[in-house]
Amino acid sequence: MAGIANPGEQVNWLFVDMNSYFASVEQQEQPQLRGKPTAVVTVDVDSTCCIAASYEAKAFGVSTGTQLGDAKKRCPALQVIEARHDLYVKYHNRIKEAVESCLHVSKIVSVDEMECQLMGREREPQPARTLAQQVKKAIRNRVGEYLRCSIGLAPNRLLAKMASNMQKPDGLVMITRNQLPEVLLLLKLRDIPGVGERMELRLRKQGIVTMKQLLDLDMDAMTKLWGGVLGTRYWLKLRGLDFDDPASQKTSIGHQHVLPPELRTREQAAAVGQKLLHKAAVRLRRAKLFTSGMSIFVLFSKGKDEQSGSSYWLHSERPLWEANLGFPACQDTMTLINVFQQAWAQCPKLKPVLVSVALVDLVPEEMQNLSLFGDMYGEWKFNRLAQVMDTVNEKYGSSTLYLGGIHTVRETAPPRIAFQSIPDTNLK
Numbered sequence: 009m010a011g012i013a014n015p016g017e018q019v020n021w022l023f024v025d026m027n028s029y030f031a032s033v034e035q036q037e038q039p040q041l042r043g044k045p046t047a048v049v050t051v052d053v054d055s056t057c058c059i060a061a062s063y064e065a066k067a068f069g070v071s072t073g074t075q076l077g078d079a080k081k082r083c084p085a086l087q088v089i090e091a092r093h094d095l096y097v098k099y100h101n102r103i104k105e106a107v108e109s110c111l112h113v114s115k116i117v118s119v120d121e122m123e124c125q126l127m128g129r130e131r132e133p134q135p136a137r138t139l140a141q142q143v144k145k146a147i148r149n150r151v152g153e154y155l156r157c158s159i160g161l162a163p164n165r166l167l168a169k170m171a172s173n174m175q176k177p178d179g180l181v182m183i184t185r186n187q188l189p190e191v192l193l194l195l196k197l198r199d200i201p202g203v204g205e206r207m208e209l210r211l212r213k214q215g216i217v218t219m220k221q222l223l224d225l226d227m228d229a230m231t232k233l234w235g236g237v238l239g240t241r242y243w244l245k246l247r248g249l250d251f252d253d254p255a256s257q258k259t260s261i262g263h264q265h266v267l268p269p270e271l272r273t274r275e276q277a278a279a280v281g282q283k284l285l286h287k288a289a290v291r292l293r294r295a296k297l298f299t300s301g302m303s304i305f306v307l308f309s310k311g312k313d314e315q316s317g318s319s320y321w322l323h324s325e326r327p328l329w330e331a332n333l334g335f336p337a338c339q340d341t342m343t344l345i346n347v348f349q350q351a352w353a354q355c356p357k358l359k360p361v362l363v364s365v366a367l368v369d370l371v372p373e374e375m376q377n378l379s380l381f382g383d384m385y386g387e388w389k390f391n392r393l394a395q396v397m398d399t400v401n402e403k404y405g406s407s408t409l410y411l412g413g414i415h416t417v418r419e420t421a422p423p424r425i426a427f428q429s430i431p432d433t434n435l436k
């Protein structure tokens, strides 16, 4: 009987990364888009940014984050599609089922990424490659020929994700411990998941500008560089060790919405902000959390400031306004709306183009002390009202019961996909 492969050759994780996901779904759904440069946007105005681009569009320099006006200049034949997030969630579920037909999905990382832990002989190089090819075939056959993915195989999650990014589109890359560190040396620091602009700047200030310089550090130096145990974990993972990270606790719940032209007034923006707050409050209660903080962010259209001295500053040459508010912990919609409305009185009277609302300072229900004076201030009544609204909306649809302030925008801001989460499409 053949023995298990050498530990230096084993891979423990298979990482699936769908290529140009939103654009690929649209090309699968709309055959007339196939082979054509395609960009997906939240709203079809030149000032918005592309949230996805097909590989045909990427050949013209159009990518995620490219402003639509610039994208059209780079690629005059660009096909512009407004995002259909319900559709992308449906395809996500079908892709998950396809992967599950080959092996168990251990974790959904985002709408277009998932992790699978390999077991037994699946961890040997050839069986792992065969399994990866089966996953690709299952997605093609069960979901659609235009849904391509890149798969990374590696000893741990971090390296598997890095491997999935090393060959696109339709890639398959395996990293084993025996290949380390040489296989990583040609990568950039930003190719490490979790290393963003600020962390790269910190590394550069310490003289670390290449992957080789980073990998040459000992564990103590990397721990110090990251400012704590996270650096230790990176040091170990970049050397192929596999272990679980401690469970993280949700730190905020929020939504944002790019306003269509007809809603770019101060009054309509306020209504949209309250609609976003309704959605956040429902998620707060479903997660059994309380909040004692709120952040409101409004981005305005470019233009001359007619209110000199108002409390906002420029962001990418656009005026913006931000409010960070504290209040006694709660989880009911009415109290949160009251906090929002009081803050909104200070919002500049300019033309808003984006509204964002986030609930912060979250604590679990079991850690929240009951208020002795809650009933005096209507707190318990507000909580009961919120519970009734949740029950009715869960049964009959999320727009069945709502507060009157959002009536004119109740169909606005449908579920959107954040890249790190899958939205509840029942939460309108």
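With this note's numbering applied, the sequence shown corresponds to residues 9 to 436, in that order. Yeah, the Cβ is synthetic: ideal placement off N, Cα and C, and Gly gets one too. All values derive from a computational prediction rather than experimental measurement.
DSSP lists Val-363 as the beta-bridge partner residues of His-265. Look at Met-302 here: in three-state DSSP terms it is strand. In the DSSP annotation of this structure, the continuous segment of the beta strand (DSSP E) that includes Asn-332 starts and ends at 326-338. Rounded to the nearest angstrom, the gap between the Cα atoms of Val-51 and Pro-268 is 7 Å. Bridge pairing for Val-181: Gly-160 [DSSP].
In the structure shown, the three-state DSSP call for Glu-105 is helix. In the structure shown, Ser-260 falls within a strand segment according to DSSP collapsed to helix, strand and coil.
Under the three-state reduction of DSSP, Glu-17 is assigned to coil, being neither helix nor strand. In this model, Asp-178 and Glu-121 are separated by some 14 Å (Cα to Cα).
Note that the segment 148-157 touches the segment 104-124; at least 3 beta-carbon pairs, one per stretch, sit closer than 8 Å.
Scanning Asn-14, Glu-153, Gly-77 and Val-117 for the CA closest to the CA of Glu-34 turns up Glu-153. In this structure, Thr-56 sits near Leu-76, with a CB-CB distance shorter than 7 Å. DSSP places Asp-25 within a strand segment (E or B) once states are collapsed to three. Nearest Cα to Pro-336 within the set Gly-160, Thr-299 and Gln-221: Thr-299. If you check the CB distance, Gly-262 and Ala-288 come in under 7 Å. Distance from the Cα of Gly-204 is smallest, within the candidate group Pro-133, Trp-234 and Lys-359, for Trp-234. Under the DSSP assignment, Ala-140 falls outside any beta strand (DSSP E), being part of the alpha helix (DSSP H) whose first and last residues are 133-150. According to the DSSP assignment, Ile-345 belongs to the alpha helix (DSSP H) that extends over 341-352.
Inter-segment contact for the segment 223-233 and the segment 159-167 is absent: fewer than three beta-carbon pairs are separated by less than 8 Å. Listed in chain order, the alpha helix (DSSP H) elements of length 4 or more contained wholly in the segment 202-257 are 205-213, 219-223, 227-234 and 237-245. In this chain, Ser-172 is not harboured by any beta strand (DSSP E); it is covered by the alpha helix (DSSP H) spanning 165-172. Nearest in C-alpha terms to His-112, of all of Val-119, Glu-123 and Ser-118, is Glu-123.
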